[in-house]
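**Q**
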Amino acid sequence: MIVRILLPDIPFENIVIDRTAHGRPFLNHSLAPSTFDMNLSHHGDFAIAAGSTVSCVGIDVSMVEQSHDATAAADFLTVFREGGMVTPNEWTYLSACDWNAWVSREHAFLRVWCVKEAYTKAMGLGVGMDFGTVEVGFQKARQWEGRDGYVEMNEETVTVSIKGIVQEGWYFHVGYLDKFHPFALAVQEGKMMERFCGIERVDTDTMQSSFFM
306 MIVRILLPDI PFENIVIDRT AHGRPFLNHS LAPSTFDMNL SHHGDFAIAA GSTVSCVGID
366 VSMVEQSHDA TAAADFLTVF REGGMVTPNE WTYLSACDWN AWVSREHAFL RVWCVKEAYT
426 KAMGLGVGMD FGTVEVGFQK ARQWEGRDGY VEMNEETVTV SIKGIVQEGW YFHVGYLDKF
486 HPFALAVQEG KMMERFCGIE RVDTDTMQSS FFM
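Each number in the working numbering comes from the position in the sequence shown (counting from 1) with 305 added on.
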């Protein structure tokens, strides 16, 4: 669907999606512009896709386990912290959450994780990347209300650093598909945020597809 909307001149029967050596999907067609990019993610109840004709793009969605109590959430986060996949600054950010503390921290962690995944997928580096060297920062962070649902951050509030060096020229959008599915979008062309027409989400239970942004 992403290809048909963004590149309508390509007949449906000629759409061929191949994968790079790292498993990243790409459109294999002579009519596809060199600047065309697309990315996919799925977890829990949703699949999500993003595409652009002007920028490389990465997208990721995660699901917060609704059955997690404080103990389960703490154990979940400890695995990632002890595995070196959360930086000290990120842990400070997570520790500042005070709404139902551990459950709120799990929400916050998955927002961070989605940004890491979206950025590294956009770069084609997702597989094998040391996420301990990738640090997500939320500047001017607003409070996330209620059960962390439906409140979003604009791209200027999010940064990604690799080994302490901020990656300039990247723009991010962080939000929720529903109250338990945070997602993140990473693009290299800032103006695309204003005219973005290529995010599709699919409810994997009903297979109902919808576009937003």
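Where a beta carbon is used, it is the ideal one built from N, C-alpha and C, also for glycine. Computed from a predicted model, the values in this text were never measured in an experiment.
CB Asn-333 to CB Lys-426, shorter than 7 angstroms?
**A** 7 angstroms or more divides the Cβ of Asn-333 from the Cβ of Lys-426.
**Q** Given this structure, state the Cα-to-Cα distance separating Gln-493 from Trp-475, to the nearest angstrom.
**A** 5 angstroms
**Q** If I measure Cβ to Cβ from Gln-371 and keep anything under 8 angstroms in the same chain, skipping five residues before and after, which residues do I get?
**A** Only Phe-485 meet the Cβ criterion.
**Q** Output needed for Phe-381: all residues of its chain with C-beta closer than 7 angstroms, excluding positions within five of it in sequence on either side, in chain order.
**A** His-373, Glu-411
**Q** In whole angstroms, what is the alpha-carbon distance linking Pro-487 and Val-369?
**A** 8 angstroms
**Q** May I ask you to list the residues that DSSP assigns as paired with Leu-312?
**A** Beta-bridge pairing by DSSP links Leu-312 to no other residue.
**Q** I'd like the span of the alpha helix (DSSP H) that includes Ser-346, first residue to last.
**A** Where Ser-346 is concerned, there is no enclosing alpha helix (DSSP H), although the beta strand (DSSP E) it sits in stretches over 342-348.
**Q** Measure the C-alpha to C-alpha separation of Glu-422 and Glu-318 and round it to an integer number of angstroms.
**A** 31 angstroms
**Q** Pick out whichever of Thr-392, Ala-379, Thr-462, Ala-354 has its Cα sitting closest to the Cα of Arg-329.
**A** Ala-354
**Q** Is Leu-311 closer than 7 angstroms to Gly-356 when the C-beta atoms are compared?
**A** yes
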